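There are 2 protein chains.
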Amino acid sequence: MEAEQASNEKRIITMKDFLSHISLDCVVFGFHSNQLKVLVLQMKTTSTWALPGGFVYEDESMEVAASRVLKERTGLNEIFLHQFHVFSDPQRSKQNPAVPDMILAGVTFPEKSWFEKRFISVGFYALVEFSQVNPQPDELSDACEWINLENIGILMLDHNEILQKALETLRMQLTFQPIGYNLLPEKFTLSELRKLYETILGKELDRRNFQRKILAYDILTRLEEVRQGVAHKAPALYKFNLVNYKRALDEGLQGRW
Amino acid sequence: MEAEQASNEKRIITMKDFLSHISLDCVVFGFHSNQLKVLVLQMKTTSTWALPGGFVYEDESMEVAASRVLKERTGLNEIFLHQFHVFSDPQRSKQNPAVPDMILAGVTFPEKSWFEKRFISVGFYALVEFSQVNPQPDELSDACEWINLENIGILMLDHNEILQKALETLRMQLTFQPIGYNLLPEKFTLSELRKLYETILGKELDRRNFQRKILAYDILTRLEEVRQGVAHKAPALYKFNLVNYKRALDEGLQGRW
DNA sequence: ATTCTTTGTGTCACTGCGACACAATGATAA
DNA sequence: TTATCATTGTGTCGCAGTGACACAAAGAAT
Numbered sequence: 001m002e003a004e005q006a007s008n009e010k011r012i013i014t015m016k017d018f019l020s021h022i023s024l025d026c027v028v029f030g031f032h033s034n035q036l037k038v039l040v041l042q043m044k045t046t047s048t049w050a051l052p053g054g055f056v057y058e059d060e061s062m063e064v065a066a067s068r069v070l071k072e073r074t075g076l077n078e079i080f081l082h083q084f085h086v087f088s089d090p091q092r093s094k095q096n097p098a099v100p101d102m103i104l105a106g107v108t109f110p111e112k113s114w115f116e117k118r119f120i121s122v123g124f125y126a127l128v129e130f131s132q133v134n135p136q137p138d139e140l141s142d143a144c145e146w147i148n149l150e151n152i153g154i155l156m157l158d159h160n161e162i163l164q165k166a167l168e169t170l171r172m173q174l175t176f177q178p179i180g181y182n183l184l185p186e187k188f189t190l191s192e193l194r195k196l197y198e199t200i201l202g203k204e205l206d207r208r209n210f211q212r213k214i215l216a217y218d219i220l221t222r223l224e225e226v227r228q229g230v231a232h233k234a235p236a237l238y239k240f241n242l243v244n245y246k247r248a249l250d251e252g253l254q255g256r257w
Numbered sequence: 258m259e260a261e262q263a264s265n266e267k268r269i270i271t272m273k274d275f276l277s278h279i280s281l282d283c284v285v286f287g288f289h290s291n292q293l294k295v296l297v298l299q300m301k302t303t304s305t306w307a308l309p310g311g312f313v314y315e316d317e318s319m320e321v322a323a324s325r326v327l328k329e330r331t332g333l334n335e336i337f338l339h340q341f342h343v344f345s346d347p348q349r350s351k352q353n354p355a356v357p358d359m360i361l362a363g364v365t366f367p368e369k370s371w372f373e374k375r376f377i378s379v380g381f382y383a384l385v386e387f388s389q390v391n392p393q394p395d396e397l398s399d400a401c402e403w404i405n406l407e408n409i410g411i412l413m414l415d416h417n418e419i420l421q422k423a424l425e426t427l428r429m430q431l432t433f434q435p436i437g438y439n440l441l442p443e444k445f446t447l448s449e450l451r452k453l454y455e456t457i458l459g460k461e462l463d464r465r466n467f468q469r470k471i472l473a474y475d476i477l478t479r480l481e482e483v484r485q486g487v488a489h490k491a492p493a494l495y496k497f498n499l500v501n502y503k504r505a506l507d508e509g510l511q512g513r514w
C-alpha cells in the first residue's frame, strides 16, 4: 500500500488494515563518538520517551513491517534487523497510553475493541550507521532523536525492559557471532571497532589482545589507507570481508564445541 | 478458565476468547535411547504430522499459553520453554488446514474472519524428560507421539522450518550455555550427556575431551553411585548443580570476551 | 582364562589467552 | 629544534586450554 509519509497535516490512519493484537518495538542501535546510541521518540501528549514501533499490515511479515516502520523513522532502505523476544505480559498494555496521541493525530478506530485491549509486541533490534540516519518522528511524537545508551532515562510502558533485553541479547551474541557491519562506516579503525565492543560489553578490552582475537576471526580486510587528520600515529583502516562476515553470522564463530 | 481436558466427546470451543492472529507452535525435545526425539501430532482429517501448538487466551502471556498447551499434550506441569522465533510469512497460513479438523471436533467460529486469515506463530522449544511425558492428542488429532529427530518426515505447513530453526537455535546455544537439565533424568552418566550433545550438534565428540570440558563448566556434581546393570565398567552417575547451572544459563559460559 | 567393550584418568604437542613491553609516529609544548 | 605525550602496530611471556590419543580398570561374554 502507499507509503505513509510523515506530514505536518493530519491524515486518516485506520487500524483496520493491521493485524490485531500485534505490535512491534524496535531498539535501533547506532554508534557515534565511541558511544552506543539508541533512537527514541518523544510522545506528543505525554512527553514520555519511547522506542519506535508500530503495527503489522495484514499482508506483511514481521520483518517487512519492521523494515517499513524503521524506514519511516530513519530514512534507510536496508536495515539489519533481528528479532530477539516477544513481550506478551497481559498487563503490559491494558490501557494503551498512545491512544490519546493517536486520536490527536487523527487516527480513527473502526473497531476500538482490539486496540484498546492488550497486544503482544515482537521486539527487534536494528543496527544502523549513525551518520546515514535521518531521524523522523511519526504522527504521535514530537521528536525522534539519538540518546547515548548510558543516558537513557525512563521510557514508556515496558520499553526499558525491551531495551535491556536487546542489549543482553547483543552481549550474549558477541560470544558466537561478530558485530560491527551495519553499525560502523565502510572504513573504520580497530580502535573504533574495539570501542564498539566495549560499549556493548560494558567493559574495557586490552587493545592488543582484541586486535589478535578479532583478526583471528578472519572477517576484516586491512586497507592500504590510514585514518587522516588524527592527533597521533595514524591508525590503519579496515573494512569487513562480507563473505566471511556473513558466514560467521550464519555458522557462528569457531569454538567451544 | 477451566482446563480443557482431552475427551472423546465433542466439546464447544470458541475462538472468541483467544487473541486473534496469534498462535504458538512448540518443538518439544525429549531424549531417550541416546536419541533426540520430537513430539508430533497426527491431524485427524489430513493425517499430516504437525508440531503441537495452539492459541493464546486474552489474559495469558505467550509463555503461560505455551505452558498450558504443553501441559495438555505432555501432562507435565513445569516445562522448560524458550521462545526462539516469530514465524510471520503472510503465505504461511493463508488457508488454515486445521479448519476441517476443528469443525470436525466441534469448534465454532463466532468470527471466522480472523481465523481463516493469516496468523503469526511464536515458536517455542521445550525440553522435557522423555520418561515423564504422557503424550495426549488434542481434539484435532488422532495421535501424539515421539519421533526420532533423524526420522522426521514432512510436517504440516512450515513446521519443518520451525523444527529446523529450533534445532539451529539449540546448536548455536551450546556455544554459550549448557544443556541437559530438563532433558536428562535426575541422575545420568557423562556418556548420556555427551550423546545428548552429539545428537544436537550432529557430530561425534571425543569422550575424554568432552569430559574435561563439561567438568570445567562446574555445573555437575559427581555422585557416589555408579550405574547398575550395565554390560561393562559401570560409569559414575552425575547430577546437575542447579545453582551453577542456572547461573550459566543467565550469564552465559565464560569465554570469548 | 582370554577377549571385548566401556569408562576413568591422564599425557603430549600445540594453540590461544591475559598481561604487558617496545618502537614508531605525529602533534604539542617548551 | 628538541622533548614530551598519546596513540598505534607488533610482539613476547608464562600459563591455560585444546585436540588427539594412551593406558589401566572393570565387568560381561566367549
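Read top to bottom, the protein sequences are chains W and V.
Taking this note's numbering, the leading residue of the first sequence gets 1, the next gets one more, and so forth.
Taking this note's numbering, the leading residue of the second sequence gets 258, the next gets one more, and so forth.
Note that beta-carbon positions come from the ideal geometry of N, C-alpha and C, so glycine has one too.
These numbers come from a predicted model, not from an experiment.
Taking a contact to mean a Cβ-Cβ separation below 8 Å, would you say residue 307 of chain V touches residue 313 of chain V in this structure?
Along the second sequence, one-based indexing puts residue 307 of chain V at 50. Along the second sequence, one-based indexing puts residue 313 of chain V at 56. No, Cβ-Cβ distance for residue 307 of chain V and residue 313 of chain V is not below 8 Å.
For residue 318 of chain V, decide whether its Cβ has a neighbour in chain W, counting only Cβ atoms nearer than 8 Å.
On the second sequence, residue 318 of chain V is found 61 positions in, with the first residue counted as 1. Closer than 8 Å to some Cβ of chain W, the Cβ of residue 318 of chain V qualifies, so yes.
Can you have a look at residue 287 of chain V and say buried or exposed, based on whether 16 or more other CB atoms are within 10 angstroms of its CB?
Position 30 of the second sequence, counted from the start, is the residue given in the question as residue 287 of chain V. That one is buried.
Below 8 Å on the Cβ atoms is my contact criterion, and I expect residue 379 of chain V with residue 300 of chain V to pass it. Report the Cβ-Cβ distance as a whole number of Å.
By 1-based counting over the second sequence, the position of residue 379 of chain V is 122. By 1-based counting over the second sequence, the position of residue 300 of chain V is 43. At roughly 20 Å, the Cβ-Cβ gap does not stay under 8 Å, so residue 379 of chain V and residue 300 of chain V are not in contact.
Just mark residue 279 of chain V as buried or exposed, buried being the case when its beta carbon has 16 or more other beta carbons within 10 Å.
By one-based count along the second sequence, residue 279 of chain V stands at place 22. Answer is buried; the Cβ neighbour count reaches 16.
At 4 residues or longer, what runs of the alpha helix (DSSP H) sit wholly inside the segment 136-219 of chain W?
Counting only runs of 4 or more, we get 159-173, 190-201 and 207-216.
Between residue 302 of chain V and residue 413 of chain V, is the Cβ-Cβ spacing less than 8 Å?
The sequence position of residue 302 of chain V within the second sequence is 45, counting from 1. The sequence position of residue 413 of chain V within the second sequence is 156, counting from 1. Taking 8 Å as the Cβ cut-off, residue 302 of chain V and residue 413 of chain V do not qualify as a contacting pair.
Along the chain, where does the alpha helix (DSSP H) that runs through residue 65 of chain W open and close?
Here residue 65 of chain W refers to the residue found at position 65 when the first sequence is read from its first residue. Where residue 65 of chain W is concerned, the enclosing alpha helix (DSSP H) stretches over 62-74.
Given a threshold of 16 other Cβ atoms within 10 Å of its Cβ, counted over all protein chains shown, does residue 54 of chain W qualify as buried or as exposed?
By 1-based counting over the first sequence, the position of residue 54 of chain W is 54. Buried, because 16 or more other Cβ atoms sit within 10 Å of the Cβ of residue 54 of chain W.
Closest to residue 317 of chain V by C-alpha separation, out of W/70, W/117 and W/79, would be which residue?
As a working note, residue 317 of chain V is residue 60 in the second sequence. When only C-alpha atoms are compared, the closest one is W/117.
Please classify residue 35 of chain W: does DSSP put it in a helix, a strand, or coil?
Looking up residue 35 of chain W in the first sequence gives position 35. Strand.
Along the beta strand (DSSP E) that carries residue 128 of chain W, what are the first and last residues, could you check?
Here residue 128 of chain W refers to the residue found at position 128 of the first sequence. Here residue 128 of chain W belongs to no beta strand (DSSP E), and DSSP marks it neither H nor E.
Nearest to residue 37 of chain W by alpha carbon, out of W/141, W/145 and W/73?
Working through the first sequence from its first residue, we reach residue 37 of chain W at position 37. Measuring from the Cα of residue 37 of chain W, the nearest candidate turns out to be W/145.
Use the C-beta contact count for residue 444 of chain V: other C-beta atoms within 10 angstroms, 16 or more gives buried, fewer gives exposed.
In the second sequence, residue 444 of chain V corresponds to position 187, counting from 1. When all chains shown are included, residue 444 of chain V counts as exposed.
Give me the chain W residues within the contact set of residue 347 of chain V, using Cβ-Cβ distance strictly less than 8 Å, ordered along the chain.
Taking the second sequence and counting its residues from 1, the one referred to as residue 347 of chain V is at position 90. Ordered by position in chain W, the residues that pass the 8 Å Cβ test against residue 347 of chain V are 58, 59, 60 and 61.
Note down, in chain order, each residue of its chain lying with its Cβ closer than 7 Å to the Cβ of residue 324 of chain V, except the 5 sequence neighbours on either side.
Counted from its first residue, the second sequence places residue 324 of chain V at position 67. Cβ neighbours of residue 324 of chain V beyond the five flanking positions: 336 and 338.
Would you give the residue range spanned by the beta strand (DSSP E) that residue 236 of chain W belongs to?
Reading the first sequence from its first residue, position 236 is the one you call residue 236 of chain W. It spans 236-240 - the beta strand (DSSP E) in which residue 236 of chain W sits, taken as one unbroken run.
Go ahead and label residue 251 of chain W buried or exposed: buried means 16 or more other beta carbons lie within 10 angstroms of its beta carbon, across all protein chains shown.
Here residue 251 of chain W refers to the residue found at position 251 of the first sequence. Residue 251 of chain W comes out exposed.
If you count every other CB in all the chains shown that lies within 10 Å of the CB of residue 500 of chain V, and 16 or more means buried, which is it?
One-based indexing of the second sequence puts residue 500 of chain V at position 243. By the neighbour-count rule (16 or more Cβ atoms within 10 Å), residue 500 of chain V is not buried but exposed.
Starting from the beta carbon of residue 454 of chain V, find every residue of chain W whose beta carbon is closer than 8 Å, and list them in chain order.
In the second sequence, counting from the first residue as 1, residue 454 of chain V sits at position 197. 257, listed in chain order.
Please report the Cβ distance between residue 505 of chain V and residue 474 of chain V, rounded to the nearest whole angstrom; I am assuming they are in contact, meaning their Cβ atoms lie under 8 Å.
Here residue 505 of chain V refers to the residue found at position 248 of the second sequence. Here residue 474 of chain V refers to the residue found at position 217 of the second sequence. About 6 Å separates the two Cβ atoms, so the contact holds.
Rounded to the nearest angstrom, what separates residue 491 of chain V and residue 481 of chain V at their Cα positions?
Position 234 of the second sequence holds residue 491 of chain V. Position 224 of the second sequence holds residue 481 of chain V. Taking the straight line joining both Cα atoms gives about 12 Å.
Considering only residues of the same chain and omitting the five flanking positions on each side of residue 389 of chain V, which have a CB-CB separation below 7 Å?
Here residue 389 of chain V refers to the residue found at position 132 of the second sequence. Only 333 meet the Cβ criterion.
Let me know if residue 469 of chain V comes out buried or exposed under the rule of 16 or more other beta-carbons within 10 Å of its beta-carbon.
Position 212 of the second sequence, counted from the first residue, corresponds to residue 469 of chain V. Residue 469 of chain V is exposed by the Cβ-count criterion.
My understanding is that residue 28 of chain W touches residue 70 of chain W, with C-beta atoms under 8 Å, so please give their C-beta distance in whole angstroms.
For this step, residue 28 of chain W is matched to residue 28 along the first sequence. For this step, residue 70 of chain W is matched to residue 70 along the first sequence. Going by Cβ atoms, the distance from residue 28 of chain W to residue 70 of chain W rounds to 7 Å, so yes, they are a contact pair.
Output, in chain order, the set of chain V residues within a Cβ distance shorter than 7 Å of residue 176 of chain W.
As a position in the first sequence, residue 176 of chain W is number 176, starting the count at 1. Here the neighbours are 429, 432 and 433.
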